[in-house]
Structure formats: C-alpha cells, structure tokens
Amino acid sequence: MKIKAGQVALVTGGASGIGLGMATRFAELGLKLVLADRDEDRLASAAAQFEREGVTVLAVPTDVSDPSGMERLRDLVCERLGTVDILCNNAGVVSPFRPLWTNPLEDWQRVVDVNMWGVIHGIRMFVPAMVEAGRGHVVNTASMAGLGVIPSNGIYNATKHAVVSLSETLRADLDGGGHDIGVTVLCPGLVETDINSDPAIAALIPEGSVFLKPDDVARQVVAAIERNQLYLATNAGSDALIRMRQDRVMQEAGQPL
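Put into structure tokens, the structure is as follows:
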C-alpha cells in the first residue's frame, strides 16, 4: 500500500510510546489521525500538540477491551472521517512477572481483554469497511514475546502469540478472498516506553541492552506497510532469537518417533 497525504490512520494506545511514535510519523506524512487511548490526560495532550501543528486529529477516549466502546469509536470515525486506511491495533498491557501457575484469574482477564480482545475488536470493527472500500492495511502490535517466550511472563507471552496467529490468519483470509488489504504483525524488542521503565521489568533487562526509540519503530512500520511485510521484528538480533526457536522446533518436533 502506498501511503499518501489525506489518508486516515487509527492508532489505539496512541497517546504514548510506540502508538504515539506511529501517529507522529503518519502526521509527518500528511495523514489524518484517529487516536484512541484510555489515558484521557495523555490523549488530550497528544491531540492538542497535533492540532497546534495543523494535523487533523480525532481523539477518542477508548478502552479497547470494551466492545461497546469500540463500536462507538467506529461510528465516530465513520461519521467524522470515513473509512480508515491504516488500522494500528497497538494498545497493550503487561502482566506481573511470576510463575504461570501462580497468576490469579483477574490478571489473566485484564491482560487477555486488552492484548487479545482489543485486537479482535479492532479487526471486527474496522476491517469490514476496508474490505468494502477495497483498500487498507492493518498493523497489529505483538512483541518478540509473540515469537518466543519471556520466563515468568506467561500471560503476556500467550496474548502476544495470539496476536501473531490472529495476524497470520487475517492475512491468509484477506489474501484468500482476493482483498487488496495488507497486514503487518509488529514484534518489537526493547523500546523506550513506559512498559520498560517499570522497575520490575527493568530489573530483568541485561545491563547494556540497546533500546529503540518509538520513532525508530514507526519508521520501520511505515516501510513495512508500503512493502506489505507480514512480520516486522524491529530490533537488531531478533533474527537470531527467531532462528534459535525455529531450530529447536525442527530438531525436536521434526523428527518422527
């Protein structure tokens, strides 16, 4: 898909981090923005900054885990801006680091509701109009945890693997139906975001690790959209981690007993 000025980009979790980075890059390219976020203060601040820069922006306080809230978002966007050209299902949360069998049910519900159901709601609400219009691109934010595992972070791992699978299936369904709509599953590693500033998470990150900035990720996302690239692992060294997992699968599962 060729990104052009005047197109509409919707970003959930768009008030900070990678989401704000993507929104900023889209604005630089002349796109109209829809920012959805549950942090109303940050959302208002981000929208005000874009408006000062002359960007057309619709800011909608949204909890992506709430289907009625996502329906409201869809209706507002349709009324104000029309069909979304680029949908970024980016909102996400982390789970406490603990052995998988000790996670309470409420942690499972909270993380699954946002990380998995948020993506599902985004697909259900906005992809039908893309199909009808015959154009568009979907970016689903997963993680390198969706292509491997982070020990003691099982809920997050599970949801991000789900996002990878949802993206692969969406791509297959769209291609199989002859629809000219692209899909990218974004699998970032370490990025300078609020998630990685959490002391509990920061303590697990090896000293000297290199973090990308959100705008670095955003530039890669734009390139992936224009190439219709399905998998986007943004950080140096990601290929080695992916290859290690694939090699183990082939060694252990590829040998019939």
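With my numbering applied, the sequence shown covers 87 to 343. Glycine included, every Cβ here is placed at the ideal spot set by N, Cα and C.
What is the residue span of the alpha helix (DSSP H) that residue i lies within?
i: P300; result: 300-313
i: I241; result: 240-262
i: H207; result: 203-219
i: V163; result: 153-166
i: L129; result: 126-138
Using the Cα positions of residue i and residue j, report the straight-line distance between them to the nearest angstrom.
i: E126; j: N321; result: 30 Å
i: Q195; j: V205; result: 15 Å
i: C164; j: A95; result: 12 Å
i: G178; j: P153; result: 16 Å
i: G155; j: D325; result: 37 Å
i: D193; j: T110; result: 32 Å
i: M87; j: R313; result: 7 Å
i: M108; j: L117; result: 11 Å
i: A215; j: Q337; result: 43 Å
i: D259; j: N243; result: 24 Å
i: T279; j: S253; result: 23 Å
i: I298; j: G275; result: Per the sequence presented here, residue 298 reads as Leu, with Ile not at that position. Approximately 8 Å, taken between the alpha carbons.
i: Y317; j: V197; result: 23 Å
i: R160; j: T148; result: 11 Å
i: H247; j: G263; result: 24 Å
i: N239; j: A339; result: 24 Å
Compute the beta-carbon to beta-carbon distance between residue i and residue j, rounded to the nearest angstrom, for a pair I have assumed lies under 8 Å.
i: L256; j: V224; result: 7 Å
i: G100; j: N176; result: 7 Å
i: R213; j: V249; result: A small fix is needed here, since residue 213 is Val in this sequence, not Arg. Between V249 and V213 the Cβ distance is about 15 Å, and since that is not below 8 Å, they are no contact.
i: R331; j: D266; result: Not quite, the Cβ-Cβ distance comes to about 32 Å (not below 8 Å), so this is no contact.
i: I311; j: A319; result: Not confirmed; about 15 Å, so no contact.
i: A91; j: L106; result: Contact doesn't hold; Cβ gap of about 20 Å is too wide.
Would a C-beta distance cut-off of 7 Å place residue i and residue j closer than the cut-off?
i: L121; j: V141; result: no
i: P237; j: I104; result: no
i: D171; j: Q93; result: yes
i: V296; j: V277; result: no
i: T245; j: M202; result: yes
i: G146; j: L167; result: Checking the sequence shown, residue 146 turns out to be Val, not Gly. No, they are not a contact pair.
i: A113; j: T169; result: no
i: C174; j: M230; result: no
i: L119; j: V150; result: no
i: S181; j: I89; result: no
i: R128; j: S102; result: yes
Can you tell me where the beta strand (DSSP E) holding residue i begins and where it ends?
i: L121; result: 118-123
i: I172; result: 172-175
i: L106; result: That residue, L106, is in no beta strand (DSSP E); its alpha helix (DSSP H) goes 103-114.
i: L318; result: 317-319
i: L272; result: 268-273
i: A322; result: Element bounds for A322: n/a, residue is neither H nor E.
i: L144; result: 143-147
i: L96; result: 94-98
i: N226; result: 223-227
How about residue i: is its C-beta nearer than 7 Å to some C-beta of chain C?
i: P147; result: In the structure shown, chain C does not exist; there is a single protein chain.
With three or more C-beta pairs closer than 8 Å as the rule, is the segment 134-143 touching the segment 297-315? no
With three or more beta-carbon pairs closer than 8 Å as the criterion, would you say the segment 227-236 touches the segment 186-193? no
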